[in-house]
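Peer 1: I have a structure I would like to understand better, so I am pasting it below and will then ask my questions one at a time.
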Ligand SMILES: [Zn+2]
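Numbering (the working numbering), first residue to last: 3 to 302.
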């Protein structure tokens, strides 16, 4: 099975230690065009990212980084290529869309949107299709995006990674839409489930066979948070979902949507290695950081 990265294709079994939901940066393309380096210094960002990714490789054996930034929140594939080339870390980039509705998307038909996603995915060699639902009720606009992403997945065979809001439990409705298009559960990661302590909800999603993204681990050093997260991983394993758990941080070097956007030297990408993995059995670490992301990326 071959996996698409920003630099080409590679064998799934060579992906190694993988962070399955992170970002190099998210930003507004028009703010960048307006203010240039006063908003985002891409060469400084590139150097910072190369340095820290190399360090993560040395310290934790990190070899693959899945960048879940879709095009409408600042995916810059040339930037990702430079960082991948010079850091030696495989970077997988996203096609698809974030949930923010923009004028250009209002009147576009589902079919045209599908064709645009396919065209874009092929142009940048995307390895995943990102979609996103935030509100509790899924609007007709959101539904159009979900259906277009589902069709693009069926056409391209790339996995779907879905941003969801675990607090209003909206993934269940979104999954119903994806499944109605013929998407198989093992092709879908439901993201941001680490935002909730409601394990029954997480299990209800796992019971479909989807990947469950505990992918927003915070940089919280408190013993209480760490043991709660480790315990929920163990409980999900006991319930039989050990092959579906994905750990990541949803962290970034630059978030252009903050009040004072600035480059972060050391985003929390190492948190799960430092704090969570030491709390779980050693054999499980390999499953969580190597095997599960590999199968997710291969839609298996
Ligand atoms: Zn994200």
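Quick reminder that beta carbons are idealized off the backbone N, C-alpha and C, glycines included. Note that the structure is a prediction, hence the values are computed from the model and not measured.
Within 10 Å of its beta-carbon, does residue 113 have 16 or more other beta-carbons around it, so buried, or fewer, so exposed?
Peer 2: It counts as exposed.
Peer 1: At the level of alpha carbons, what is the spacing between residue 228 and residue 277?
Peer 2: Taking the straight line joining both Cα atoms gives about 7 Å.
Peer 1: Is residue 70 near ligand 1, with its Cβ less than 6 Å from a heavy atom?
Peer 2: Yes - ligand 1 has a heavy atom lying nearer than 6 Å to the Cβ of residue 70.
Peer 1: Look up residue 24 in the DSSP assignment and give the residues it is bridged to.
Peer 2: Bridge partners of residue 24: 69.
Peer 1: When you measure from the CB of residue 197 to every non-hydrogen atom of ligand 1, does any distance come out below 6 Å?
Peer 2: Residue 197 Cβ: outside cutoff for every heavy atom of ligand 1.
Peer 1: Beta carbon of residue 78: closer than 6 Å to some heavy atom of ligand 1?
Peer 2: Outside the cutoff, so no.
Peer 1: With a threshold of 16 other CB atoms inside 10 Å of the CB of residue 282, please say whether the residue is buried or exposed.
Peer 2: Residue 282 is buried by the Cβ-count criterion.
Peer 1: With distances taken between CB atoms, is the gap from residue 132 to residue 70 smaller than 7 Å?
Peer 2: Cβ distance < 7 Å, so residue 132 and residue 70 count as in contact.
Peer 1: Flag this pair as yes or no: are the beta carbons of residue 168 and residue 122 separated by less than 7 Å?
Peer 2: No.
Peer 1: Assess, as a yes-or-no matter, whether the region 81-93 is touched by the region 16-27 under the definition of 3 or more beta carbon pairs within less than 8 Å.
Peer 2: The answer is yes - the region 81-93 touches the region 16-27, with three or more Cβ pairs under 8 Å.
Peer 1: Which same chain residues, not among the five before or five after residue 271, have their C-beta less than 7 Å away from its C-beta?
Peer 2: Cβ neighbours of residue 271 beyond the five flanking positions: 21, 24, 58, 251, 253.
Peer 1: Would a C-beta distance cut-off of 7 Å place residue 48 and residue 84 closer than the cut-off?
Peer 2: Yes.
Peer 1: Measuring alpha carbon to alpha carbon, tell me which of 204, 162, 183, 38 ends up nearest residue 172.
Peer 2: Residue 172 has its Cα closest to that of 204, out of 204, 162, 183, 38.
Peer 1: Can you tell me which of 32, 43, 19 puts its alpha carbon nearest to the alpha carbon of residue 55?
Peer 2: Nearest of 32, 43, 19 to residue 55, Cα basis: 19.
Peer 1: Starting from the C-beta of residue 34, find all residues in its chain whose C-beta is less than 6 Å away, skip the five residues before and the five after it, and write them out in chain order.
Peer 2: Same-chain partners within the cutoff: 41, 42.
Peer 1: Assuming residue 119 and residue 150 make a contact with CB atoms under 8 Å, what is their CB distance in whole Å?
Peer 2: Indeed, because the Cβ distance is near 6 Å, the residues count as touching under 8 Å.
Peer 1: Give the list of continuous beta strand (DSSP E) stretches no shorter than 3 residues that lie fully inside the region 108-138.
Peer 2: Whole beta strand (DSSP E) segments, 3+ residues: 130-134.
Peer 1: Please identify the residue among 264, 38, 236, 299 whose C-alpha is closest to the C-alpha of residue 159.
Peer 2: Ranking 264, 38, 236, 299 by Cα distance to residue 159 puts 299 first.
Peer 1: Please work out which residues of its chain come closer than 6 Å, Cβ to Cβ, to residue 188, disregarding the five sequence neighbours upstream and downstream, and give them in chain order.
Peer 2: Contacts found: 211.
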